[in-house]
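Engineer: Residue numbers (this note's numbering): 205 to 447.
Please read through the structure below; I'll follow up with questions.
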């Protein structure tokens, strides 16, 4: 099987912003270094820095306007952008209250509001309770766009690594064994079952598609993308070949 690493995305704050990268480091303990390093607890969640499930945080599935947040890491913190906001340039470790104030009415008022910005455990505050790297297939994304009758932006799925030059849905075959990208070797875990988060358009922050219906109607599945663990760490970069 051949494939090329075409896009890399990292999410410094879980569910709130994504940034495109030219390269990232992968480690067994942290998966994508710097991914989901912080998360904003909602007011009904347990106040702890331990791993918690997605529902305990502010995230796109419950607040679709957050889909339009962009992020860029800086030497001192992160810069967040949104079409309806001035940029927020802040250091999560020293200005934890800044994020909740900046989000404001981007978060629905019928949902538990922001409580505390927490530092994630070493594995990152991913949607699964292990250090995970998510991988997607651009050919599958193009097939999904055709089924949906509209362009489906890859950012909807908050996937870390996007491969090109595979056949549609060939990413499922990657679950058969270890793969190598750049200097890292990854071991497969499972397909990624989807929620409502990809319904939200990253350009507008509005829900404009039922992604689950499109997946079920087209392929009788709720899965899109696959989860891996890092078996041996290294740097991966755009243009790396799959082996």
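Glycine included, C-beta positions come from ideal geometry on N, C-alpha and C.
Is it true that the stretch 206 to 219 meets the stretch 424 to 431, where meeting means three or more beta-carbon pairs spaced less than 8 Å apart?
Structural biologist: No, because fewer than three Cβ pairs between the stretch 206 to 219 and the stretch 424 to 431 fall closer than 8 Å, the two stretches do not touch.
Engineer: Below 7 Å CB to CB, which residues in the same chain sit around residue 352 once its five sequence neighbours on both sides are set aside?
Structural biologist: 413, 418, listed in sequence order.
Engineer: Can you tell which of 255, 261, 238 has the C-alpha that lies nearest to the C-alpha of residue 248?
Structural biologist: Among 255, 261, 238, the Cα nearest to that of residue 248 is on 261.
Engineer: What number of angstroms, rounded off, separates the C-alpha of residue 305 from the C-alpha of residue 212?
Structural biologist: Roughly 29 Å between the two C-alpha positions.
Engineer: Helix, strand or coil: which one does DSSP assign to residue 438?
Structural biologist: DSSP places residue 438 in strand when its eight states are reduced to three.
Engineer: Give me the residue from 208, 246, 270 with the minimum Cα distance to residue 411.
Structural biologist: For the residues 208, 246, 270, the minimum Cα distance to residue 411 belongs to 270.
Engineer: Go ahead and pull the three-state DSSP assignment for residue 338.
Structural biologist: The answer is strand: DSSP assigns residue 338 an E or B state.
Engineer: Thinking C-beta only, is residue 333 closer than 8 Å to residue 253?
Structural biologist: No, Cβ-Cβ distance for residue 253 and residue 333 is not below 8 Å.
Engineer: Apart from the five residues just before and just after residue 341, which ones in its own chain have a Cβ nearer than 6 Å to its Cβ?
Structural biologist: 367, 370, 375, listed in sequence order.
Engineer: Quick one: complete beta strand (DSSP E) runs, 3+ long, within the stretch 288 to 344?
Structural biologist: Entirely contained in the stretch 288 to 344, the beta strand (DSSP E) runs reaching 3 residues are, in chain order, 289 to 294, 318 to 323, 337 to 341.
Engineer: Quick check: the Cα distance between residue 434 and residue 398, rounded to an integer number of angstroms?
Structural biologist: One C-alpha to the other measures close to 22 Å.
Engineer: Measuring CB to CB, does residue 266 end up less than 8 Å from residue 320?
Structural biologist: Contact flag unset, no.
Engineer: Given that a residue counts as buried once 16 or more other Cβ atoms are within 10 Å of its Cβ, and exposed if not, what is residue 354?
Structural biologist: The residue in question, residue 354, is exposed, as its Cβ has fewer than 16 Cβ neighbours within 10 Å.
Engineer: Would residue 363 pass as a contact of residue 339 if the rule is Cβ separation under 8 Å?
Structural biologist: Yes, the Cβ-Cβ distance between residue 363 and residue 339 is below 8 Å.
Engineer: Cutting at 6 Å between CB atoms, please list the residues of its own chain near residue 207, excluding the five before and the five after it.
Structural biologist: The answer, listed in chain order, is 367, 369, 370, 446.
Engineer: Check each candidate in 229, 223, 268, 250 and name the one with the smallest Cα separation from residue 441.
Structural biologist: Measuring from the Cα of residue 441, the nearest candidate turns out to be 229.
Engineer: Pull up the distance between the alpha-carbon of residue 292 and that of residue 380, whole angstroms please.
Structural biologist: Those two C-alpha atoms are separated by around 43 Å.
Engineer: Any heavy atom of the ligand ZN closer than 7 Å to the Cβ of residue 418?
Structural biologist: Absent from the structure shown: the ligand ZN. Ligands present: none.
Engineer: Going by C-alpha distance, which of 287, 285, 322 is nearest residue 301?
Structural biologist: It is 322.
Engineer: Quick check on DSSP: helix, strand or coil for residue 456?
Structural biologist: Nothing about residue 456 can be read from this structure; the chain reaches only from 205 to 447.
Engineer: Taking the alpha carbon of residue 357 as the reference point, which residue from 393, 335, 327, 403 has its own alpha carbon closest?
Structural biologist: When only C-alpha atoms are compared, the closest one is 403.
Engineer: Taking 8 Å as the cut-off, decide whether the C-beta atoms of residue 296 and residue 242 are in contact.
Structural biologist: A contact, by the Cβ cut-off of 8 Å.
Engineer: Taking buried to mean at least 16 other C-beta atoms within 10 Å of its own C-beta, is residue 409 buried or exposed?
Structural biologist: Residue 409 is buried by the Cβ-count criterion.
Engineer: Identify whether residue 214 lies in helix, strand or coil by the three-state DSSP scheme.
Structural biologist: In this structure, residue 214 counts as strand in the three-state DSSP scheme.
Engineer: Pull up the distance between the alpha-carbon of residue 281 and that of residue 215, whole angstroms please.
Structural biologist: Cα to Cα, residue 281 sits roughly 13 Å from residue 215.
Engineer: Taking just the CA atoms, how far does residue 288 sit from residue 406?
Structural biologist: Residue 406 and residue 288: Cα-Cα distance of roughly 13 Å.
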